[in-house]
Amino acid sequence: MSKAEKTKQFIIEKTAPIFNTKGYSGTSINDMTTATGLTKGSIYGNFENKDEVAIASFKFNVKKLHDVLSREIEKQRTFKEKLLVYPRVYAKYQSLDVTLGGCPILNTAIESDDTHPVLKKYAERTLIYWKEKLMYLIDQGINAGEFKAKSINTENTALTIIALIEGGMMISKLTGNDNDLSAIMLSLYKIIEDLE
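Residue numbers (numbering that gives the first Met the number 0): 0 to 195.
Given below as structure tokens:
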């Protein structure tokens with residue numbers, strides 16, 4: 000990595016938790032300079048504008064989450080076990096030290112839906128990718144004979160999984176009660192178990 004690339008990566012790593020916690024609108028250049036110890040000129044010498052830093056931070060936060068989930072999914076042998084990674088990982092999300100501030104997809108989607116079309120597009124693409132990954136796992140489970148094919152609508156099941164995870168994250172964050180998320184993840188666990 001060149002010095003410029005290292006500086007850019009440093010800025011992303013230091014600002015990503017701030018964007019995920021405070022959001023795009025709530026994150027100021029002061030926040031970015033304080034977190035990095037760099038000047039405004041140094042930050043904007045590496046990024047064209049705040050949008051570029053925010054997008055890079057979103058991608059960084061999503062990748063961290065994706066990497067944790069992917070590592071756990073790869074360890075599993077059956078497609079059911081692969082799907083069960085989601086409620087297991089999300090049930091202990093706050094203790095994972097993945098992304099400060101909660102789920103970056105949820106946070107970015109909520110903030111950007113009416114205010115920032117570019118960030119909204121990135122959140123939407125991430126959600127679609129996630130849905131397609133879940134659909135793939137469900138379809139593979141059906142093909143392998145693990146899940147009952149006739150009673151499963153793959154897309155609806157994938158969307159339900161996402162909705163329970165993101166809804167659980169939102170409720171838990173709003174109430175400050177991690178037990179709410181754990182309870183919802185138990186419901187998700189049962190839904191996945193019932194695919195057999």
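C-beta atoms are modelled at their ideal positions from N, C-alpha and C, and glycine is treated no differently.
The structure presented is a predicted model; accordingly, all values stated were derived computationally and were not measured.
CA nearest to the CA of residue i, picked from the options
i: Ala108; options: Gly166, Leu118, Leu99 and Gly101; result: Leu118
i: Pro103; options: Tyr188, Tyr23, Ile191 and Glu192; result: Tyr23
i: Lys79; options: Phe46, Gly100, Gly140 and Asp112; result: Gly140
i: Ser181; options: Gln93, Ala15 and Asp50; result: Gln93
i: Glu71; options: Val88, Phe57 and Leu158; result: Val88
i: Pro86; options: Leu173, Lys21, Lys120 and Leu133; result: Leu133
i: Phe59; options: Glu110, Glu12, Leu105 and Lys2; result: Glu12
Buried or exposed by the 16-neighbour rule on C-beta atoms within 10 Å, applied to residue i
i: Gly166; result: exposed
i: Glu195; result: exposed
i: Tyr128; result: exposed
i: Leu82; result: buried
i: Thr174; result: exposed
i: Glu110; result: buried
i: Leu95; result: exposed
i: Lys172; result: buried
i: Lys7; result: buried
Length of the line joining the Cα atoms of residue i and residue j
i: Phe9; j: Gly25; result: 21 Å
i: Gly101; j: Met168; result: 7 Å
i: Ile17; j: Gly44; result: 20 Å
i: Glu4; j: Ile54; result: 16 Å
i: Asn142; j: Leu158; result: 20 Å
i: Ile28; j: Leu37; result: 10 Å
i: Glu73; j: Gly40; result: 42 Å
i: Glu51; j: Lys91; result: 31 Å
i: Thr32; j: Thr77; result: 47 Å
i: Leu99; j: Ile160; result: 22 Å
i: Tyr121; j: Leu105; result: 12 Å
i: Phe57; j: Thr14; result: 10 Å
i: Thr156; j: Ser1; result: 45 Å
i: Leu68; j: Thr35; result: 28 Å
i: Thr125; j: Glu131; result: 10 Å
i: Asn48; j: Lys21; result: 18 Å
i: Phe217; j: Val97; result: In the structure as shown, the chain begins at 0 and stops at 195. Residue 217 is therefore absent and cannot be evaluated.
i: Leu163; j: Ile42; result: 38 Å
i: Asp179; j: Glu123; result: 26 Å
i: Gly144; j: Val84; result: 19 Å
i: Asn19; j: Asp112; result: 15 Å
i: Asn176; j: Asp30; result: 28 Å
Chain C contact for residue i (CB, 9 Å cutoff)
i: Lys81; result: Checking the listed chains, one finds no chain C in this structure; it contains a single protein chain.
How about the stretch 185 to 192 and the stretch 116 to 130: do they share at least three Cβ pairs that are nearer than 8 Å? At 8 Å Cβ cutoff, the stretches do not touch.
State whether the stretch 170 to 185 contacts the stretch 134 to 148, with contact taken as three or more CB pairs (one from each stretch) at a distance under 8 Å. Because the criterion of three Cβ pairs below 8 Å is not met, the stretch 170 to 185 and the stretch 134 to 148 do not touch.
Would you call the stretch 57 to 70 and the stretch 146 to 165 in contact, with 3 or more CB pairs under 8 Å? Not touching, per the Cβ criterion.
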